[in-house]
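> Take a look at this one; I'll ask things after.
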Amino acid sequence: MKQKQQKEREYLFCKNSKKAAMLGMFTAVAMICSYIEAMIPVNFGIPGIKLGLANLVVLLVLYMMGTKDALIVSVLRIILTGFLFGNLFGILYSLAGGLLSFLVMWILKRTGKLRIISVSVAGGISHNTGQLLVAALVVENYKIMYYIPVLLIAGFLTGLLIGILSQEIVLRLQKFMKNSSV
Amino acid sequence: MHKRFGKNDAVFLGILLGLCLLVFLGYRVFLRTKGSRIVITKNGEVYGTYSLEKEQTIEIKDKDGTVTNTLIIKDQKADMESADCPDRLCVKQKAISHENENIVCLPNKVVVTVVDGDASDFDAIAQ
Numbered sequence: 002m003k004q005k006q007q008k009e010r011e012y013l014f015c016k017n018s019k020k021a022a023m024l025g026m027f028t029a030v031a032m033i034c035s036y037i038e039a040m041i042p043v044n045f046g047i048p049g050i051k052l053g054l055a056n057l058v059v060l061l062v063l064y065m066m067g068t069k070d071a072l073i074v075s076v077l078r079i080i081l082t083g084f085l086f087g088n089l090f091g092i093l094y095s096l097a098g099g100l101l102s103f104l105v106m107w108i109l110k111r112t113g114k115l116r117i118i119s120v121s122v123a124g125g126i127s128h129n130t131g132q133l134l135v136a137a138l139v140v141e142n143y144k145i146m147y148y149i150p151v152l153l154i155a156g157f158l159t160g161l162l163i164g165i166l167s168q169e170i171v172l173r174l175q176k177f178m179k180n181s182s183v
Numbered sequence: 662m663h664k665r666f667g668k669n670d671a672v673f674l675g676i677l678l679g680l681c682l683l684v685f686l687g688y689r690v691f692l693r694t695k696g697s698r699i700v701i702t703k704n705g706e707v708y709g710t711y712s713l714e715k716e717q718t719i720e721i722k723d724k725d726g727t728v729t730n731t732l733i734i735k736d737q738k739a740d741m742e743s744a745d746c747p748d749r750l751c752v753k754q755k756a757i758s759h760e761n762e763n764i765v766c767l768p769n770k771v772v773v774t775v776v777d778g779d780a781s782d783f784d785a786i787a788q
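Protein chains in written order, with my numbering: chain A, 2 to 183; chain B, 662 to 788.
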């Protein structure tokens, strides 16, 4: 009996530490993604349009580990990269976009009717919308909404790309994740 | 059911794309008229109004007098020439000339917006 309990405890401990390691790794990958993204010198003429590579990692965690884990990775990534490379304002905008897109993606995933690609597109669009809303509030100028059409299209396209990518990665990584029993 | 793409996705994405294009085209068709003046706001307050007809360089100053942004008006277009913030996104932005187009400098809370040409109408209402 005692031995059984001991084994159970060991199993749980092993599982938890595996999960912690996985989450740490995913957070690190997400941070690297946003760093790489900041280094790509692409300029679309309008600030705020970017690929959203970090969202790729959030999607992966959302689909392979769980909602809570994905939220943790998303928020941690924003706060850590914000402190490392940005400023407090940057964190505010990122959080607005990140949380709104997370909420939308989570709800859409929960319906169980849509594939990753749709979830990702909706996330991209809501991310841009959230950021623009906060920007409008901060500068107290609602004319900034002029950019919403361009940002909607951009969110759609980048969301599509990220969606296709993460779908492929999830399909390939799922086997590995099952084997390592996280 | 296909692993990657289903009927639901096609419908969902189609509707979303349609909505995006609708908004995009709507903005393009109905809201794109040439403006004649620009309004600069700083911290949400109006800093000044300038005509796009006259070529000029505008220095946007802080309360303590330091120049945070420089705006250039040339060929009836306004373009941010320099900014003292680290990312300088507003400088990278294209020149603006159409009504409601704007350049935003978030760190300095500066917004430059193109407004309608009918100055007389505006004044008449304001008075």
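Think of the CB as a built atom: it goes at the ideal place given N, C-alpha and C, for glycine as much as any other residue.
My guess is that F157/A and P768/B are in contact by the Cβ rule of under 8 Å, so how many angstroms apart are they, rounded?
By 1-based counting over the first sequence, the position of residue 157/A is 156. By 1-based counting over the second sequence, the position of residue 768/B is 107. Between P768/B and F157/A the Cβ distance is about 28 Å, and since that is not below 8 Å, they are no contact.
> Among residues of its own chain, excluding the 5 on either side of E742/B, which ones have a beta-carbon nearer than 6 Å to its beta-carbon?
The count along the second sequence starts at 1 and reaches residue 742/B at position 81. Here the set comprises T731, I733.
> Can you check which of these residues, T718/B, K664/B, K703/B, F691/B, is closest to E141/A by C-alpha distance?
Stepping through the first sequence from its first residue, residue 141/A is reached at position 140. The shortest C-alpha separation from E141/A is found at K703/B.
> Helix, strand or coil: how does DSSP classify C746/B here?
Translated into the one-based positions of the second sequence, residue 746/B becomes position 85. C746/B: coil per DSSP, three-state reduction.
> Run through the stretch 688-766 of chain B for me and flag every whole beta strand (DSSP E) of 3 or more residues, listed as ranges in chain order.
698-703, 706-712, 717-722, 728-735, 738-744, 763-766
> Pull out every residue of the stretch 157-175 of chain A whose Cβ sits closer than 7 Å to any Cβ of chain B, in chain order.
F157, Q168, L172
> Compare the beta carbon distance of L93/A and V135/A with 8 Å and say whether it is the shorter of the two.
Numbered from 1 along the first sequence, position 92 holds the residue referred to as residue 93/A. Numbered from 1 along the first sequence, position 134 holds the residue referred to as residue 135/A. Yes, the pair counts as a contact, with Cβ atoms nearer than the cut-off.
> Quick check on the DSSP output: the alpha helix (DSSP H) that includes I80/A runs from which residue to which?
Within the first sequence, residue 80/A is the residue found at index 79, counting from 1. Taken as a continuous stretch (DSSP letters only), the alpha helix (DSSP H) holding I80/A covers 68-86.
> Quick one: does V772/B have its CB under 8 Å from some CB of chain A?
Locating residue 772/B in the second sequence gives position 111, counting from the first residue. Any Cβ of chain A closer than 8 Å to the Cβ of V772/B would place that residue at the interface, and such an atom is present.
> Can I701/B and L713/B be called in contact, C-beta distance under 8 Å?
On the second sequence, residue 701/B is found 40 positions in, with the first residue counted as 1. On the second sequence, residue 713/B is found 52 positions in, with the first residue counted as 1. Contact: no.
> Exposed or buried, what is R10/A when buried is set at 16 or more other beta-carbons lying within 10 Å of its beta-carbon?
Position 9 of the first sequence holds residue 10/A. Result: exposed.
> Any Cβ of chain A within less than 8 Å of the Cβ of N669/B?
Counted from its first residue, the second sequence places residue 669/B at position 8. Answer yes: the Cβ-Cβ gap between N669/B and chain A drops below 8 Å somewhere.
> Please classify G726/B: is it buried, with 16 or more other beta-carbons within 10 angstroms of its beta-carbon, or exposed?
Against the second sequence, residue 726/B aligns to sequence position 65. When all chains shown are included, G726/B counts as exposed.
> So, at 7 Å on beta carbons, what are the nonlocal neighbours of V122/A in its own chain, with the 5 sequence-adjacent residues on each side left out?
The residue given as residue 122/A occupies position 121 in the first sequence. Answer for V122/A: F157, G160, L161, G164, listed in chain order.
> Counting only beta-carbon separations shorter than 8 Å, does G705/B have a partner in chain A?
What you label residue 705/B is simply residue 44 of the second sequence in a count that begins at 1. Yes, because at least one Cβ of chain A sits closer than 8 Å to the Cβ of G705/B.
> Any idea which residues DSSP pairs T774/B with across the strands?
Residue numbering aside, residue 774/B sits at position 113 when the second sequence is read from its first letter. V700/B, N763/B.
> From the DSSP output, in three-state form, read off E169/A for me.
Mapped onto the first sequence, residue 169/A falls at position 168. When secondary structure is reduced to three states using DSSP, E169/A falls in the helix class.
> When the Cα of K753/B is compared with those of A739/B, N761/B, E760/B, H759/B, which residue comes out closest?
For this step, residue 753/B is matched to residue 92 along the second sequence. It is A739/B.
> Measure the C-alpha to C-alpha separation of Q6/A and H128/A and round it to an integer number of angstroms.
The residue you call residue 6/A lines up with position 5 of the first sequence. The residue you call residue 128/A lines up with position 127 of the first sequence. Going by C-alpha positions, Q6/A is about 46 Å away from H128/A.
> Taking only beta carbons into account, state which residues of the stretch 14-25 of chain A come closer than 9 Å to chain B, listed in chain order.
Those would be none; no residue qualifies.
> Taking just the CA atoms, how far does K8/A sit from A97/A?
Stepping through the first sequence from its first residue, residue 97/A is reached at position 96. Stepping through the first sequence from its first residue, residue 8/A is reached at position 7. In a straight line, the C-alpha of A97/A is about 44 Å away from that of K8/A.
> For E11/A, which three-state DSSP category applies?
Translated into positions along the first sequence, residue 11/A becomes position 10. Helix.
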